[in-house]
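**Q** Residue numbers (this note's numbering): 25 to 309.
Note that beta-carbon positions come from the ideal geometry of N, C-alpha and C, so glycine has one too.
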């Protein structure tokens with residue numbers, strides 16, 4: 025499908041300025057045009073005035089479609105899903121107001137990238153890869169644990185694919201700004217590690233959760249202008265982990281993402297196999 029305009033169906037929740045809607049849709053249309061050819065002809069755009077409304081909406085939506093609720097925490101002002109069969113982008117304006125312009129634009133383009141690459145239900149209703157079943161069976165972990173693990177690995181892979189696409193389309197400075205935003209370490213991150221430490225199942229899950237931000241960053245490491253700067257941010261974002269754990273995570277990041285091709289489902293399977301390194305180290309098996 026060439027560079028024809030994508031039909032953006034806007035749904036507003038709360039008081040949202042028309043000029044703001046126009047700025048957002050213009051950013052989206054420009055990104056769709058530059059990213060052509062692609063198969064997106066229609067996309068839902070849900071705009072929320074307040075974060076509390078987003079959380080309430082998605083709690084209800086997750087129950088309706090029967091999926092685990094995805095965290096819409098402080099860093100994530102934008103998200104994409106295709107639970108209803110067509111791509112949907114959700115933005116929280118309350119969170120966006122606090123952010124620099126480049127971060128906002130980078131986040132919007134990131135979700136456009138998801139709608140292009142992952143805009144159908146097949147990327148959300150995932151089957152469990154054999155390598156994941158093997159890990160869970162060998163370590164006697166629960167079904168819920170396995171589902172959480174698959175979710176974390178799949179979003180890391182999909183985020184990597186999106187940043188790779190956008191970087192190939194010469195979206196650089198905004199994606200660097202967005203990546204730096206995602207790499208910010210919160211008190212919750214540090215607390216989560218401290219609580220998980222020395223509890224193998226929790227520790228492994230905590231380490232795997234770090235792959236999401238890394239996925240957004242890795243395609244930028246090859247950039248001639250920003251690559252070294254981004255690499256430094258990535259390294260510094262792991263400061264709260266013990267040296268052996270940060271080294272382990274960097275090994276998975278470098279080995280895993282570099283092996284990924286163009287098939288999302290195959291990429292998820294590859295990354296699951298790479299994550300075996302984490303489980304072997306944490307469980308000492």
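Identify the residues that DSSP records as bridge partners of residue 116: which are they?
**A** One-based indexing of the chain shown puts residue 116 at position 92. Answer is 72.
**Q** May I ask you to report which of helix, strand or coil DSSP gives residue 37?
**A** On the chain shown, residue 37 is found 13 positions in, with the first residue counted as 1. Note: residue 37 maps to strand in three-state DSSP.
**Q** With three or more beta-carbon pairs closer than 8 Å as the criterion, would you say the stretch 109 to 116 touches the stretch 170 to 187?
**A** no
**Q** Quick one: residues in its chain with C-beta nearer than 7 Å to the C-beta of residue 64, no 5 flanking neighbours on either side, listed in chain order?
**A** On the chain shown, residue 64 is found 40 positions in, with the first residue counted as 1. Taken in chain order, the residues that qualify are 30, 56, 111, 139, 140 and 143.
**Q** Measure the Cβ-Cβ separation of residue 230 and residue 216 and say whether it is below 7 Å.
**A** Along the chain shown, read from residue 1 onward, the residue named residue 230 stands at position 206. Along the chain shown, read from residue 1 onward, the residue named residue 216 stands at position 192. The answer is yes: Cβ separation under 7 Å.
**Q** Based on Cα-Cα distance, which residue from 71, 52, 44 and 45 lies nearest to residue 37?
**A** The sequence position of residue 37 within the chain shown is 13, counting from 1. Nearest option by C-alpha distance: 71.
**Q** Which partner residues of residue 103 appear in the DSSP bridge assignment?
**A** Working through the chain shown from its first residue, we reach residue 103 at position 79. According to DSSP, residue 103 bridges with 114.
**Q** In this structure, does DSSP put residue 31 in helix, strand or coil?
**A** Within the chain shown, the letter at position 7 stands for residue 31. It is a strand residue.
**Q** My output table needs one value for residue 78: the three-state DSSP class, helix, strand or coil.
**A** In the chain shown, counting from the first residue as 1, residue 78 sits at position 54. DSSP places residue 78 in helix when its eight states are reduced to three.
**Q** With residue 245 as the anchor, note down where its alpha helix (DSSP H) starts and where it stops.
**A** One-based indexing of the chain shown puts residue 245 at position 221. It is not in any alpha helix (DSSP H) - residue 245 carries neither H nor E in the DSSP assignment.
**Q** Check whether the Cβ atoms of residue 69 and residue 32 sit closer than 7 Å, and answer yes or no.
**A** The sequence position of residue 69 within the chain shown is 45, counting from 1. The sequence position of residue 32 within the chain shown is 8, counting from 1. The Cβ-Cβ distance between residue 69 and residue 32 falls below 7 Å.
**Q** Is it buried or exposed, residue 221, if we count other Cβ atoms within 10 angstroms and call 16 or more buried?
**A** If you number the chain shown from 1, residue 221 lands on position 197. Flag for residue 221 reads exposed.
**Q** Using 8 Å as the Cβ pair cut-off and three pairs as the minimum, do the stretch 148 to 157 and the stretch 287 to 299 touch?
**A** yes
**Q** Rounded to a whole number of angstroms, what is the C-alpha to C-alpha distance between residue 262 and residue 58?
**A** Within the chain shown, numbered from 1, the residue matching residue 262 stands at position 238. Within the chain shown, numbered from 1, the residue matching residue 58 stands at position 34. Distance between the alpha carbons of residue 262 and residue 58 is about 34 Å.
**Q** Can you tell me whether DSSP reads residue 67 as helix, strand or coil?
**A** What you label residue 67 is simply residue 43 of the chain shown in a count that begins at 1. Strand at residue 67.
**Q** Looking at the unbroken alpha helix (DSSP H) that takes in residue 191, where does it start and where does it end?
**A** The residue given as residue 191 occupies position 167 in the chain shown. Start and end: 167 to 192.
**Q** What are the boundary residues of the alpha helix (DSSP H) that includes residue 291?
**A** For the purposes of this step, residue 291 is taken as residue 267 along the chain shown, with counting starting at 1. Start and end: 288 to 298.
**Q** So what does DSSP say about residue 109, is it helix, strand or coil?
**A** On the chain shown, residue 109 is found 85 positions in, with the first residue counted as 1. Of the three classes helix, strand and coil, the one that applies to residue 109 here is coil, per DSSP.
**Q** Once the 5 residues before and after residue 98 are set aside, which same chain residues still bring their CB inside 6 Å of it?
**A** Here residue 98 is taken as the residue at index 74 of the chain shown, counted from 1. Bear in mind that a pLDDT of 47 at residue 98, under 50, signals an unreliable position, so the number given afterwards is only what the model happens to contain. Apart from the 5 residues on each side of it in sequence, residue 98 has no Cβ closer than 6 Å to any other Cβ in its chain.
**Q** How close, in whole Å, do the beta carbons of residue 292 and residue 228 come, if the pair is a contact with beta carbons under 8 Å?
**A** Taking the chain shown and counting its residues from 1, the one referred to as residue 292 is at position 268. Taking the chain shown and counting its residues from 1, the one referred to as residue 228 is at position 204. Incorrect: roughly 17 Å between the Cβ atoms, too far for contact.
**Q** So residue 204 and residue 257 are in contact, right, with Cβ under 8 Å, and what is the actual spacing, rounded?
**A** One-based indexing of the chain shown puts residue 204 at position 180. One-based indexing of the chain shown puts residue 257 at position 233. The pair is a contact, with the Cβ atoms about 6 Å apart (cut-off 8 Å).
**Q** At the level of alpha carbons, what is the spacing between residue 171 and residue 156?
**A** By 1-based counting over the chain shown, the position of residue 171 is 147. By 1-based counting over the chain shown, the position of residue 156 is 132. Distance between the alpha carbons of residue 171 and residue 156: 10 Å.
**Q** Tell me which same chain residues have a C-beta within less than 7 Å of the C-beta of residue 165, skipping the five on either side of it?
**A** As a working mapping, residue 165 is identified with position 141 in the chain shown. Excluding positions up to five away in sequence, the list reads 225.
**Q** Look at residue 202 and residue 136 and say whether their C-beta atoms are less than 7 Å apart.
**A** As a working mapping, residue 202 is identified with position 178 in the chain shown. As a working mapping, residue 136 is identified with position 112 in the chain shown. Going by C-beta atoms, residue 202 is not nearer than 7 Å to residue 136.
**Q** Go ahead and label residue 183 buried or exposed: buried means 16 or more other beta carbons lie within 10 angstroms of its beta carbon, across all protein chains shown.
**A** Locating residue 183 in the chain shown gives position 159, where the first residue counts as 1. The residue is buried, with at least 16 neighbouring Cβ atoms inside 10 Å.
**Q** Rounded to the nearest angstrom, what separates residue 214 and residue 276 at their Cα positions?
**A** Within the chain shown, numbered from 1, the residue matching residue 214 stands at position 190. Within the chain shown, numbered from 1, the residue matching residue 276 stands at position 252. Looking at the two C-alpha atoms, the distance is approximately 20 Å.
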